[in-house]
Amino acid sequence: MFQPKIVFFDIDDTLWVKDEQRIPESAKIALKKLHNQGIITAIATGRTIAVLPEPILALAHECGVEMFVSINGQYVEYKGEKLVSFPLSADVAANTAAVFAGQGVAYACVARSGIFVSGLDARLQDAAGALNLPFGLDADYFKNHEVYQMLGFFPQEMDDVILPKLPSALRSIRWHKNGVDLLDNQGSKARGIQAALNVLGLTMAEAMAFGDELNDLEMIQAVGCGVAMGNAVDELKAVADFIAPRIDEDGIYRALVELQVIDK
Numbered sequence: 001m002f003q004p005k006i007v008f009f010d011i012d013d014t015l016w017v018k019d020e021q022r023i024p025e026s027a028k029i030a031l032k033k034l035h036n037q038g039i040i041t042a043i044a045t046g047r048t049i050a051v052l053p054e055p056i057l058a059l060a061h062e063c064g065v066e067m068f069v070s071i072n073g074q075y076v077e078y079k080g081e082k083l084v085s086f087p088l089s090a091d092v093a094a095n096t097a098a099v100f101a102g103q104g105v106a107y108a109c110v111a112r113s114g115i116f117v118s119g120l121d122a123r124l125q126d127a128a129g130a131l132n133l134p135f136g137l138d139a140d141y142f143k144n145h146e147v148y149q150m151l152g153f154f155p156q157e158m159d160d161v162i163l164p165k166l167p168s169a170l171r172s173i174r175w176h177k178n179g180v181d182l183l184d185n186q187g188s189k190a191r192g193i194q195a196a197l198n199v200l201g202l203t204m205a206e207a208m209a210f211g212d213e214l215n216d217l218e219m220i221q222a223v224g225c226g227v228a229m230g231n232a233v234d235e236l237k238a239v240a241d242f243i244a245p246r247i248d249e250d251g252i253y254r255a256l257v258e259l260q261v262i263d264k
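Numbering (UniProt numbering), first residue to last: 1 to 264.
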């Protein structure tokens, strides 16, 4: 029986049903049980903190969630203060923007304060709309602000044209048919989680994590017990220690009960 000291939760389609914009009631119960047992609960998301859904922030407050591993591990906040961050270099951000502009592709800069897009087009609105992401309009945001990740809004059939042109310091993770995350080559939720654990005096072996997408791969592999949701991509299920039921089938709650982390 694995008894974690901390559990990290992805948000979209792990803790948050994005199509319905809600948290399953069973997930709320699960987090409260963890909190009452003295097990730390934390968020590990591709989102920046500024665009977390309001119900997620309310649940975090209610359950004492104080650790946020955000922007795929590029910005970690603890008790409302920046713990560690991994911004892109100004050159990398500028060169990435230039590639997208040259290809007529909309892009976005992801900062602690929000998401700033270069312009509006159908692909951007399709991808951002899938997550109900708010954003500002500023094609030159990277010139005067720290940027932790960039987003490109293009379909998979353009991968062979665009990806080879991007700076070699970046790696890409597709999260939507028209949306790609671009982050530092060494960047991942796992890197952010390691920084979080260091400050808490904990180890990866004492951590558990839940996720569903490709940006959860490193996290699920790194922790002591990695759980893929039943609705997760096959690549994540293949490396997980345990596969939970789907999010809409009380996946988090049922997995924690079956793993004997919480009582029924």
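For every residue, glycine included, the Cβ atom is placed at its ideal position computed from N, Cα and C.
To the nearest angstrom, how far is it from the Cα of Leu133 to the Cα of Val92?
24 Å
As an exercise, report each continuous beta strand (DSSP E) stretch of at least 3 residues that is fully enclosed by the region 114 to 160, in chain order.
114 to 117 and 149 to 153
Looking at the unbroken alpha helix (DSSP H) that takes in Ser26, where does it start and where does it end?
Glu25 to Asn36
Enclosing beta strand (DSSP E) for Glu77 [first to last residue]:
Tyr75 to Tyr78
Got a sec? Which residues, its chain only, sit under 7 Å from Gly224 by beta carbon, not counting five neighbours each side?
Phe2, Pro4, Met204, Ala205, Glu206, Ala207 and Met208
Just the Cα atoms here: how many angstroms apart are Glu66 and Ile43?
9 Å
Give me the residue from Pro155, Glu213 and Glu54 with the minimum Cα distance to Thr178.
The question names Thr, but residue 178 in the sequence shown is Asn. Nearest option by C-alpha distance: Pro155.
Chain-order list of residues whose beta-carbon lies under 6 Å from that of Ile71 (same chain, five-residue window excluded)
Thr48, Val110, Tyr148 and Gln149
C-alpha distance - Asn215 paired with Gln21, whole-angstrom precision:
20 Å
Check the C-beta distance from Gly114 over to Val69 and give it rounded, since I have them as a contact under 8 Å.
So it is not a contact: roughly 18 Å between Cβ atoms.
Please classify Leu131 as buried or exposed, where buried requires at least 16 other C-beta atoms within 10 Å of its C-beta.
buried
DSSP beta-bridge partners for Met208?
Val7 and Cys225
Identify whether Arg254 lies in helix, strand or coil by the three-state DSSP scheme.
helix
If contact is defined by three or more beta carbon pairs under 8 Å, each pair taking one atom from either stretch, is the region 31 to 38 in contact with the region 70 to 84?
no
Any chance the region 186 to 205 sits against the region 82 to 90, with 3 or more Cβ pairs inside 8 Å?
yes
CB Tyr141 to CB Phe116, shorter than 8 Å?
yes
Those residues which DSSP pairs with Leu183 across a bridge
Arg171
Burial state of Asp263, where buried means 16 or more other Cβ atoms lie within 10 Å:
exposed
Using the Cβ count rule (16 or more neighbours within 10 Å means buried), how would you classify Glu258?
exposed
Between Leu166 and Val261, what straight-line distance do the alpha-carbon atoms span, to the nearest angstrom?
43 Å
Where Asp10 and His145 are concerned, what is the direct C-alpha to C-alpha distance, given to the nearest angstrom?
26 Å
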